[in-house]
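Written out below as structure tokens is the structure these notes cover.
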Amino acid sequence: KEIIVASGNQGKIKEIKAMLEPLDIHVLSMKDVLGDDVDIEENGKTFEENAIIKAESIMKQVHRPVLADDSGLEVDYLNREPGIYSARWMGHDTSYDIKNQAIIDKLAGVEGEKRSCRFVCAMALAIPGQETKVFKETFEGLVNDHIAGENGFGYDPIFYFPPLKKTSAEMTMEEKNQYSHRAKALKDLYHYVKENM
Ligand code: ITT
Numbered sequence: 002k003e004i005i006v007a008s009g010n011q012g013k014i015k016e017i018k019a020m021l022e023p024l025d026i027h028v029l030s031m032k033d034v035l036g037d038d039v040d041i042e043e044n045g046k047t048f049e050e051n052a053i054i055k056a057e058s059i060m061k062q063v064h065r066p067v068l069a070d071d072s073g074l075e076v077d078y079l080n081r082e083p084g085i086y087s088a089r090w091m092g093h094d095t096s097y098d099i100k101n102q103a104i105i106d107k108l109a110g111v112e113g114e115k116r117s118c119r120f121v122c123a124m125a126l127a128i129p130g131q132e133t134k135v136f137k138e139t140f141e142g143l144v145n146d147h148i149a150g151e152n153g154f155g156y157d158p159i160f161y162f163p164p165l166k167k168t169s170a171e172m173t174m175e176e177k178n179q180y181s182h183r184a185k186a187l188k189d190l191y192h193y194v195k196e197n198m
């Protein structure tokens, strides 16, 4: 089995490969198939809509099964921002050191459960001739009070996961792929792929 991942985000692609390759699903990137990353306008209002837009737009170009991941961090105290705007928030070119510190600063003086946040992942699987399926999962945590950890990508250094007492940037990939929003969505997707592809 073979799936093309419609993402230009290397952090996502690494995690998706680490989970699907051991299950005998060969993962290709847009670069592998089209020679370059394709920028798709994400004008949906939800994670699900954006995932479907990305998966179907590439599937129509390659006529093969395509998976897309739309994800982000919702901080409850910030009215669930940055949410679907997580990649664009503060500008596409702003570093995550700056973005992460900005979130920490906005939560100065906020304590305990009021620091709740979650990563959300909507995975869309578009298969030619079939209805696109979407799998959405979350990863619940707290906004850490400082940047910590070198692993992962994006907002991982400020996402504190109480059960392991560390941020998702302090987790190994194996740990993150046991608990994360992306890992849970991929598990659901895998069960579907086994039956339908
Ligand atoms: P593609 O659309 O090409 O896949 P993107 O990075 O633009 O890449 P999104 O629009 O889905 O993708 O934005 C997701 C952002 O949410 C991502 O750039 C991170 O900032 C954040 N994010 C999502 N999952 C994350 C994770 O597991 N760890 C840290 N940050 C994450």
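Per full-length UniProt numbering, residue 2 is the first one in the sequence shown, and the count goes up by one each step.
Note that CB positions come from ideal geometry on N, CA and C, so glycine has one too.
| query | result |
| --- | --- |
| Euclidean distance between Cα positions of Asp98 and Ile148 | 8 Å |
| Glu141 vs Arg116 beta-carbon contact at 8 Å | no |
| Buried versus exposed, by CB contacts within 10 Å (16 or more), His182 | buried |
| Cβ-heavy atom distance, Asp71 to the ligand COA, below 7 Å | The model depicted lacks the ligand COA and carries the ligand ITT instead. |
| Leu74: CB within 7 Å of a non-hydrogen atom of the ligand ITT | yes |
| C-beta atoms of Leu126 and Ile17 nearer than 8 Å | no |
| Distance cut-off 7 Å: Phe136 Cβ against heavy atoms of the ligand ITT | no |
| Candidates Lys166, Pro164, Leu143 and Leu165, of which the one nearest Tyr156 by Cα | Leu143 |
| Any non-hydrogen atom of the ligand ITT closer than 7 Å to Asn145 Cβ | no |
| Touching by the beta-carbon criterion (3+ pairs, under 8 Å), the region 104–112 and the region 160–172 | no |
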